[in-house]
């Protein structure tokens with residue numbers, strides 16, 4: 001998997017697993033086929049309705065693997081040998097669903 005150059009430019013810590021990005025810089029995500037975010041369908045609708053974030057193709061298509069807040073999957077964001085086995089199927093299902101929307 002490769003990150004778009006526009007995203008790589010925003011990475012300031014090579015060891016971090018996320019970046020913070022303001023809506024004013026949302027165009028940095030335009031090259032991403034899909035995204036992973038914490039939230040639910042209402043959060044995605046909010047992103048899609050936003051005048052800046054709503055222009056990001058992955059958000060427009062719904063190509064976002066949403067990880068619900070306060071769920072076992074969210075808790076597994078820092079994986080351990082036990083959490084991987086417990087959550088991998090759910091995580092892969094969410095990623096596959098998001099990936100399936102890339103070409104819509």
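Residue numbers (full-length UniProt numbering): 1 to 104.
Where a beta carbon is used, it is the ideal one built from N, C-alpha and C, also for glycine.
It should be emphasised that the depicted structure is a prediction, and the values quoted were computed from it without experimental measurement.
Under the three-state DSSP convention, the category residue i falls into
{"i": "residue 102", "result": "coil"}
{"i": "residue 67", "result": "strand"}
{"i": "residue 95", "result": "helix"}
{"i": "residue 18", "result": "coil"}
{"i": "residue 35", "result": "strand"}
{"i": "residue 24", "result": "helix"}
{"i": "residue 3", "result": "coil"}
{"i": "residue 83", "result": "helix"}
{"i": "residue 78", "result": "coil"}
{"i": "residue 54", "result": "helix"}
Presumed contact (8 angstroms Cβ cut-off) between residue i and residue j, rounded CB distance
{"i": "residue 101", "j": "residue 63", "result": "4 angstroms"}
Status (buried if at least 16 other CB within 10 Å, exposed otherwise) for residue i
{"i": "residue 56", "result": "buried"}
{"i": "residue 59", "result": "buried"}
{"i": "residue 67", "result": "buried"}
{"i": "residue 23", "result": "exposed"}
{"i": "residue 71", "result": "exposed"}
{"i": "residue 52", "result": "exposed"}
{"i": "residue 12", "result": "exposed"}
{"i": "residue 73", "result": "buried"}
Closest residue to residue i among the options (Cα-Cα distance)
{"i": "residue 21", "options": "29, 75 and 14", "result": "29"}
{"i": "residue 3", "options": "32, 37 and 14", "result": "32"}
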